């Protein structure tokens, strides 16, 4: 498959898409792990949510 | 079957998100694999040659960038009118995803413009109004993340979102109202699509893939935001006890 004389622009566009989307997915995944870890730590130290204290 | 209103309960929402996310991730990946395979097997455009392949990224990113703001506008109404806490969570979770898709639209558009128009950027109405959309996304993110009082931040962001919605028809009709370098609408327009089916079908599959990606990431980001608010309330309780 030939991408013609403007192949560099096509490759750059798809590379940019990979970088932007992987960064976004990675940030959301890392954020989840961080929040989950903080919640587990608070839970271990005996801090409970109001609704779970009842 | 779970009633729709149950989704407004954060605990039920978290349980549903945990069950739905793996399936949505697989569906998104499958749609992207099929879409990219179709895009790279599609014929070249008679005028634009192989650069038409950039369209399969640029157009879905542009559609989702605008659709995300529409969704945030509905959520902003939920925050201001009904004061529903999950409405604010949904808008805050969507803003970075919308910003990333708008950035992708701008970058791919610029890389498509250079070989076709001879320039990466021109201050015409379509390009400028999409840049304004990107700046509005950054403004909303800044309001959410810098407000000391989250409720005040949410109200400020909701107002900015509703005011910013004025930009959506400007983006859509900019190519009709003004003389722009950007081409007029060729898919969603009165009189039917102007694109050949050999290019239209891969475009629609890629649009489905982007829509699924948005839905998956928004669900995951909403879950994160609910957890972040739980952390905040638990830290406040911990501080009150100390």
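Residue numbers (the numbering used here), protein chains in the order written: chain A, 1 to 54; chain B, 1 to 242.
In this text, a Cβ means the ideal position worked out from N, Cα and C, and glycines have one as well.
It should be emphasised that the depicted structure is a prediction, and the values quoted were computed from it without experimental measurement.
Just the Cα atoms here: how many angstroms apart are residue i and residue j?
| i | j | result |
| --- | --- | --- |
| residue 69(B) | residue 12(A) | 27 Å |
| residue 138(B) | residue 98(B) | 10 Å |
| residue 208(B) | residue 28(A) | 21 Å |
| residue 71(B) | residue 174(B) | 21 Å |
| residue 120(B) | residue 57(B) | 17 Å |
| residue 94(B) | residue 238(B) | 30 Å |
| residue 101(B) | residue 227(B) | 24 Å |
| residue 44(B) | residue 135(B) | 34 Å |
| residue 218(B) | residue 61(B) | 15 Å |
| residue 77(B) | residue 176(B) | 29 Å |
| residue 179(B) | residue 200(B) | 26 Å |
| residue 195(B) | residue 230(B) | 49 Å |
Residues bridged to residue i by DSSP?
| i | result |
| --- | --- |
| residue 49(B) | 45(B) |
Is there a C-beta anywhere in chain B that falls below 8 Å from the one on residue i?
| i | result |
| --- | --- |
| residue 22(A) | no |
| residue 18(A) | no |
| residue 12(A) | yes |
| residue 26(A) | no |
Could you tell me whether any Cβ in chain A is nearer than 8 Å to the Cβ of residue i?
| i | result |
| --- | --- |
| residue 233(B) | yes |
| residue 44(B) | yes |
| residue 221(B) | yes |
| residue 62(B) | no |
| residue 224(B) | yes |
| residue 240(B) | no |
| residue 189(B) | no |
| residue 230(B) | yes |
| residue 172(B) | no |
| residue 54(B) | yes |
| residue 71(B) | no |
With H, G and I counted as helix, E and B as strand and the rest as coil, what does DSSP make of residue i?
| i | result |
| --- | --- |
| residue 84(B) | coil |
| residue 242(B) | coil |
| residue 225(B) | helix |
| residue 194(B) | coil |
| residue 58(B) | helix |
| residue 201(B) | helix |
| residue 150(B) | helix |
| residue 188(B) | coil |
| residue 178(B) | coil |
| residue 73(B) | helix |
| residue 48(A) | coil |
| residue 166(B) | coil |
| residue 18(A) | helix |
| residue 120(B) | coil |
| residue 183(B) | coil |
| residue 3(A) | coil |
Taking residue i as the query, report the chain C residues whose CB atoms sit under 8 Å from its CB, ordered along the chain.
| i | result |
| --- | --- |
| residue 49(B) | Among the protein chains in the structure shown, which are A and B, there is no chain C. |
Closer than 8 Å between beta carbons: that is the criterion. Which residues of the region 89–115 of chain B meet it against chain A? Flagged, chain order: 96, 97, 100, 103, 104, 107, 108, 111, 112, 114 and 115.
At a CB distance below 8 Å, what residues from the region 201–220 of chain B approach chain A? Give them in sequence order. Correct list: 213, 217 and 220.
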